[in-house]
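Step one of this worksheet: look at the structure below.
Chains as they are written, first to last, in the numbering used here: chain A, 11 to 291; chain B, 3 to 181.
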């Protein structure tokens, strides 16, 4: 079953987190909704191998990387594609060209940065798009440099430079929520200074609004950094009980609840209950 | 009187009130009110306090079902319900990935306050856009099939399906040494 939806429902940051944590391999397609003025739609394609991003393009003919190499004057597009055809069908074109001494490691890194990091990071600014993940799509070896990046590392990089957060407003942790670590030890990712500061509070006790005051940062900034840590798979949002108005506290509950704490129930009770319920199935 | 208290929780529109209505022997104590915020986009009414249903199966034995408020305002009501619960089921609509994040919030809230057994019930799995169980599990943060609570599919409108879900929760509770 394909995973589909709209970015307004499940953000790109959440998708990347899902694909990395699920060690997914396949093709993520993003299709922008038609521009009201130009009626133009754009498709973006991102390939994953075991949760890591291996390639990105806005075309499916697997000529994107060869075109980029051509644009930089390192080699003609057709030459690059012809060489790729002579190599093993399961070797990324970038590795083939490096093995033959036609591209250097630095050139490959530059290509990967442009193809994946820059291109994918810009997609986080999309207001809304339809997405589909196809776990059966083959890897596009003629589009691959041979380098890869963990999906959440790309998310962190993208969200650090994201200017317009309006598409993610509803996803941000609540000001009254705390954050709690979900990993053992310290993060392996390279965090920036603010992320480290917030990480120090990842024990599920202090609300983000209180953290913002302590760090003397705007609340929305703290919420955004917390969201980055959540989508990087480092912490989870833990809602704290919000203060209740005094008037509400004095109202009687609609159903009387026992005054004592939860007591145990017997095995005999549970067996009777299961037997009774089985008659209803 | 021996009473087991089960809490039915989940994001708005997951089917909590319907779940309780489907299996309760009494008219569910209904605290639904007209939704006035973004919840109104999903349903006309939402539970503002909690739902209550009951199932008696002997002169001195009863199951009490409590549904949490639909909106994710974690107030004293949530605290009372989870502190008194013997177990809970987290309902998640499989066709609304936008609410997976709310489901994770609720689970984190519950987990911090109580270690009682829990299972996850995926609803609306018959919708064409529904995520399958394995993908929904990952999206909810469960990466290993062997290290997660039982995840079942449930149709809150069907008494038999709800009864099956409660059986799963009770049996999971028995494994977790409830007594």
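Built from N, CA and C at the ideal position, the CB exists for glycine as well.
Reduced DSSP secondary structure (H/G/I, E/B, other) of residue 158 (chain A): Of the three classes helix, strand and coil, the one that applies to residue 158 (chain A) here is coil, per DSSP.
Own chain partners of residue 164 (chain B) with C-beta closer than 7 Å, once the 5 adjacent residues on each side are dropped: Annotation for residue 164 (chain B): 21, 24, 25, 156 and 158 place their beta carbon closer than 7 Å to its own, counting only its chain and skipping 5 residues before and after.
Simplified DSSP assignment, three categories, for residue 175 (chain A): DSSP, read as helix, strand or coil, puts residue 175 (chain A) in coil.
Beta carbon proximity, residue 107 (chain B) to chain A, threshold 8 Å: Chain A, which has a Cβ nearer than 8 Å to the Cβ of residue 107 (chain B), makes this yes.
Residue 134 (chain A) versus A:24, A:103 and A:109, residue with shortest Cα-Cα distance: Considering only alpha carbons, the answer is A:24.
Residue 249 (chain A), DSSP secondary structure in three states: DSSP places residue 249 (chain A) in strand when its eight states are reduced to three.
Distance between residue 93 (chain B) and residue 112 (chain B) (C-alpha atoms, nearest Å): Near 13 Å, if we compare the C-alpha coordinates of residue 93 (chain B) and residue 112 (chain B).
Residue 120 (chain B), DSSP secondary structure in three states: DSSP places residue 120 (chain B) in strand when its eight states are reduced to three.
C-beta atoms of residue 161 (chain A) and residue 29 (chain A) nearer than 8 Å: Cβ distance < 8 Å, so residue 161 (chain A) and residue 29 (chain A) count as in contact.
Residue 236 (chain A) to residue 172 (chain A) span [Cα, whole Å]: Between the C-alpha atoms of residue 236 (chain A) and residue 172 (chain A) there is a straight-line separation of about 14 Å.
Check: residue 167 (chain B) C-beta below 7 Å from any heavy atom of the ligand FAD: Looking for the ligand FAD in the displayed structure turns up nothing, as the structure carries no ligands at all.
For residue 15 (chain A), three-class secondary structure by DSSP: Reduced to three states, the DSSP call for residue 15 (chain A) is strand.
Presumed contact (8 Å Cβ cut-off) between residue 67 (chain B) and residue 118 (chain B), rounded CB distance: 14 Å between Cβ atoms; not a contact.
4-residue-minimum alpha helix (DSSP H) runs that sit fully inside the region 41-103 of chain A, ordered along the chain: Taken in chain order, the complete alpha helix (DSSP H) segments of 4 residues or longer contained in the region 41-103 of chain A are 74-81 and 87-96.
Contacting residues, own chain, Cβ-Cβ under 6 Å from residue 156 (chain A) (five flanking each side not counted): Cβ neighbours of residue 156 (chain A) beyond the five flanking positions: 102, 104 and 105.
Counterpart residues of residue 191 (chain A) in DSSP-defined beta bridges: In the DSSP output, where bridge partners are listed per residue, residue 191 (chain A) has A:245.
Listed by chain order, chain B residues near residue 137 (chain A) by CB distance under 8 Å: Chain order gives no chain B residues near residue 137 (chain A), where near means a beta carbon separation below 8 Å; the closest approach is about 15 Å.
Contact list for the region 75-99 of chain B against chain A, Cβ threshold 9 Å: Listed by position, the residues of the region 75-99 of chain B near chain A (Cβ gap below 9 Å) are 75, 76, 77, 78, 79, 80, 81, 82, 83, 85, 86, 87, 88, 98 and 99.
Residue environment, residue 146 (chain B), which counts as buried when at least 16 other CB atoms sit within 10 Å: In the assembly as shown, residue 146 (chain B) is an exposed residue. Its beta-carbon has fewer than 16 other beta-carbons within 10 Å.
Span of the beta strand (DSSP E), counted from its first residue to its last, around residue 153 (chain B): If you look at residue 153 (chain B), you'll find it in the beta strand (DSSP E) that goes 153-155.
Simplified DSSP assignment, three categories, for residue 206 (chain A): Residue 206 (chain A) sits in a helix when the DSSP states are folded into three classes.
Burial state of residue 116 (chain A) (16 or more Cβ within 10 Å): By the 10 Å Cβ count, residue 116 (chain A) comes out exposed.
Helix, strand or coil at residue 142 (chain A) [DSSP, three-state]: In this structure, residue 142 (chain A) counts as strand in the three-state DSSP scheme.
Buried versus exposed, by CB contacts within 10 Å (16 or more), residue 104 (chain B): Buried: at least 16 other Cβ atoms inside 10 Å.
CA-to-CA distance, residue 79 (chain B) to residue 193 (chain A), given in whole angstroms: In a straight line, the C-alpha of residue 193 (chain A) is about 30 Å away from that of residue 79 (chain B).
Distance CB(residue 152 (chain A))-CB(residue 72 (chain A)) smaller than 8 Å: Against a cut-off of 8 Å, the Cβ pair of residue 72 (chain A) and residue 152 (chain A) comes out as a contact.
Residue-chain proximity (residue 165 (chain A), chain B), Cβ-Cβ < 8 Å: Using beta-carbon distances, residue 165 (chain A) does not count as an interface residue toward chain B, since no partner is under 8 Å.
Simplified DSSP state of residue 37 (chain A), which is helix, strand or coil: Looking at residue 37 (chain A) - three-state DSSP - the assignment turns out to be strand.
Proximity winner among A:290, A:34 and A:13, relative to residue 162 (chain B) (alpha-carbon distances): Of the candidates A:290, A:34 and A:13, the one whose C-alpha sits nearest the C-alpha of residue 162 (chain B) is A:290.
Delimiting residues of the beta strand (DSSP E) encompassing residue 58 (chain B): That run of the beta strand (DSSP E) goes 53-60.
Which of helix, strand or coil DSSP assigns to residue 213 (chain A): DSSP places residue 213 (chain A) in strand when its eight states are reduced to three.
First and last residue of the uninterrupted alpha helix (DSSP H) at residue 91 (chain B): Judged by DSSP secondary structure, residue 91 (chain B) falls outside any alpha helix (DSSP H) and instead within the beta strand (DSSP E) spanning 89-95.
As assigned by DSSP and simplified to three states, the class of residue 259 (chain A): Legend: pLDDT at residue 259 (chain A) = 48, less than 50; position of this residue unreliable, no value from coordinates given.
Reduced DSSP category for residue 286 (chain A) - H, G, I as helix; E, B as strand; rest coil: Residue state, collapsed to three classes: helix.
Cβ shell of residue 147 (chain A) (< 6 Å), same chain only, five flanking positions each side left out: So the qualifying residues of the chain are 36 and 37.
Cutoff 8 Å; reference residue 114 (chain B); Cβ partners in own chain excluding five residues on either side: Nothing meets the Cβ criterion.
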